[in-house]
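**Q**
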Amino acid sequence: MPFDLLKSDATSIAQAVRDGSVSAETVVSETIKRMAATEPKVGAFLQQDAEGALAQARAIDAARKQGKPVGRLAGVPIAIKDNIHVEGRPTTCASRILDGFIAPYDATVTTRLRAEGAVIVGKTNLDEFAMGSSCENSALKQTRNPWDVTRVPGGSSGGSAAAVAARSALVSLGTDTGGSIRLPGSFCGVVGMKPSYGRVSRYGAIAFASSLDQIGPLSVSVRDSALTLSIMAGRDDHDATSSKRAAPDYVAELAKANIKGLRVGYVPAYFDQCPDKEVAKTCKLGLERLRNLGATLVEVNLPNADHGIEVYYVVASAEASSNLSRFDGVRYGMRADKGNAIANYFATRGAGFGTEVKRRIMLGTYALSAGAYDEYYGRASKVRTLIVNDFVRAFGGCDLIVGPTVPFTAFKAGEKSDPLSMYLCDIYTIPASLAGLCALSLPAGFSKAGLPIGLHLQAPPYAETTLFAAAQALERDLGLDRLAPIA
Amino acid sequence: MDEHTVRHVAKLARLELAEGEIARLAGDLSKITHYIEQMGKLDVRHVEATIHPVVDENAWRPDEIHASFPRDVAVKNAPDKDQGFFKVPPVIE
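In structure tokens form, the structure reads like this:
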């Protein structure tokens, strides 16, 4: 059977490359063709590397012919969000302040994926420094949603979600601080997964908010998500926050999975008060399907989770104001030269950062400043505890909490000009980030307008196995055709 | 948040702002902080702060010498450098 990129997932490609039924070179050259056809409309990539990808693919084919192992992602075209290092390539964070910066080393996730035969085809667009929910805050490019190119792909990992939705990559990496993998996953009809805090090394990812950031995969299928995470997860001495807990083989765990008797929690208000009735209805149907598959539904209460947005925009901005102080024109990126070091800091940062990044730095600096600290950062850190405790209590009575990923479907480019209305997009995804949970957005259906709707599955820290089991059972039961029309 | 506060915070953040930006930020940040102040109604008097969601114990490593990042690679991206050092203009004239 001839190779069909559009009917493949990473798991099937890696299998076919390993057993020799298709060459890695064929897979990659088909991907490059696909990229050439879709990119003019979608604009997911900030950089493409056709030559490097083809060379890597040929090396995989040569190794296979010599009987050498070629890896669990052999020949799989992957895209990497442009705030994660790939040695020798620019890392822009979609910001002007990193103009001219070339990554001096590979991120740990890059090293691990490459070692398993993944082929990096390019680096994807994002909201500048991953701050945004629509990808419109990129200083470099506008990415469009493959399901409707007048709409946004979501953010901040919008390029990564759009690339997989367009099949110009089969897996991509994103980063998620408050929903930046799950929201674009929902808007673009792909599986977007945020691992538990500490599950994946962040060495080589540009820090935004260090108590929240995680790297995770966006993929065509749940099994691809499990496969990619299996490769990335586990302790890395370069990141002190990466956990020493053994990383399970999530693929092997999936084969044993059974969701009979699984206790699935849901917050009724997330459905009843969801502003988009189509989203509420689709997600409710997903919940009912889980019950039909043998799960038990349990009503849960997260009384403080509604304050997640307030906590998040204090905590994440405070941490960002600290993390982004390193961009000062001394060690990397652009420098606005005023002839004096202190004047340079002001001028470089003023010229290099975009509007949203400045807003967050200002908000975060204010929240940490004398006089405001107690009422903002101090209080937010305590309310965060209340939210964590809500989850601890809820997970005492259930294994999983399910609801909509986003209260609505992808909106039109330019539609949300008010920063606060953009912040509210993350209302359902933020609490899991604050509590360090693992969470996943699964395509659960479509609106009448043909836009994807994501179902949000959340599990306790390090319960990724539960998450994947439920997501795959539901994915199979739904049997959706998830190929974007690109129009 | 008034423009005076915006100027003060921008100074703390080492951020140059144009006049138009100052006015806009005063408006935006007022709206955002007003929204954030909703959490003020929660009673947190007896609540401990959560500053990270790490569920593991602290992780120690053996005190061993390892090769560090090569110096020439570390300074490679600097806008100005000299003999393996970052070069900056004077702080004090």
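Chains A and B supply the protein sequences, listed in that same order.
For the first sequence, counting from 1, position 187 maps to 186 in numbering that gives the first Met the number 0; every step adds exactly one.
For the second sequence, counting from 1, position 50 maps to 49 in numbering that gives the first Met the number 0; every step adds exactly one.
For every residue, glycine included, the Cβ atom is placed at its ideal position computed from N, Cα and C.
Note that the structure is predicted; figures quoted are calculated from it, not measured.
Counting only C-beta atoms, is D27 (chain B) closer than 7 Å to chain A at any point?
**A** yes
**Q** Is the region 229 to 241 of chain A touching the region 199 to 212 of chain A in the sense that three or more CB pairs, one from each, lie closer than 8 Å?
**A** yes
**Q** Express the C-alpha separation of E36 (chain B) and I308 (chain A) in angstroms, rounding to a whole number.
**A** 11 Å
**Q** Give me the chain A residues within the contact set of E47 (chain B), using Cβ-Cβ distance strictly less than 8 Å, ordered along the chain.
**A** K381 and T384
**Q** Tell me the DSSP secondary structure of R17 (chain A) in three-state form.
**A** Looking at R17 (chain A) - three-state DSSP - the assignment turns out to be helix.
**Q** Using a Cβ cut-off of 7 Å (strictly closer), state whether D71 (chain B) contacts chain A.
**A** no
**Q** Quick check: what's the CA-CA separation for C187 (chain A) versus V405 (chain A)?
**A** 12 Å
**Q** Is any beta-carbon of chain B found at less than 7 Å from that of P418 (chain A)?
**A** Under the Cβ distance rule, P418 (chain A) counts among the residues neighbouring chain B, one pair being separated by less than 7 Å.
**Q** Distance cutoff 7 Å, beta carbons only. Does H51 (chain B) sit that close to anything in chain A?
**A** yes
**Q** Evaluate the contact criterion for the region 348 to 362 of chain A versus the region 385 to 404 of chain A: three or more CB pairs, one atom per stretch, below 8 Å.
**A** no
**Q** Examine chain B for any beta-carbon lying closer than 7 Å to the beta-carbon of M361 (chain A), and answer yes or no.
**A** With 7 Å as the cut-off, M361 (chain A) counts as an interface residue toward chain B.
**Q** Measuring CB to CB, does V329 (chain A) end up less than 7 Å from F85 (chain B)?
**A** Contact: yes.
**Q** Whose CA, out of A:N257, A:R166, A:S155 and A:R290, lies closest to the CA of L4 (chain A)?
**A** Ranking the options by Cα distance to L4 (chain A), first place goes to A:R166.
**Q** Could you list which residues in chain A have their beta carbon closer than 8 Å to that of P89 (chain B), in chain order?
**A** Ordered by position in chain A, the residues that pass the 8 Å Cβ test against P89 (chain B) are N339 and A340.
**Q** Could you check the C-alpha separation between P460 (chain A) and L385 (chain A) for me, to the nearest Å?
**A** 17 Å
**Q** Determine the chain A residues that contact Q82 (chain B) at a beta-carbon separation under 9 Å, and present them in chain order.
**A** The premise fails here: Q82 (chain B) is roughly 16 Å from chain A at the closest Cβ pair, so nothing lies under 9 Å.
**Q** Between K280 (chain A) and L477 (chain A), what straight-line distance do the alpha-carbon atoms span, to the nearest angstrom?
**A** CA-to-CA, the gap between K280 (chain A) and L477 (chain A) works out to about 15 Å.
**Q** With DSSP as the reference, label R262 (chain A) as helix, strand or coil.
**A** strand
**Q** In the DSSP assignment, what are the bridge partners of R150 (chain A)?
**A** A:K411
**Q** Let's see if you can read the secondary structure: which residues bound the alpha helix (DSSP H) around E277 (chain A)?
**A** In this chain, the alpha helix (DSSP H) harbouring E277 (chain A) covers K276 to N291.
**Q** Would you give the residue range spanned by the beta strand (DSSP E) that T295 (chain A) belongs to?
**A** T295 to E298
**Q** Would you mind telling me which residues of chain A sit closer than 7 Å to D1 (chain B), beta carbon to beta carbon, in chain order?
**A** Per Cβ cutoff of 7 Å: no residues; D1 (chain B) is ~12 Å from chain A at best.
**Q** How about D105 (chain A) and T91 (chain A): are their beta carbons less than 7 Å apart?
**A** no
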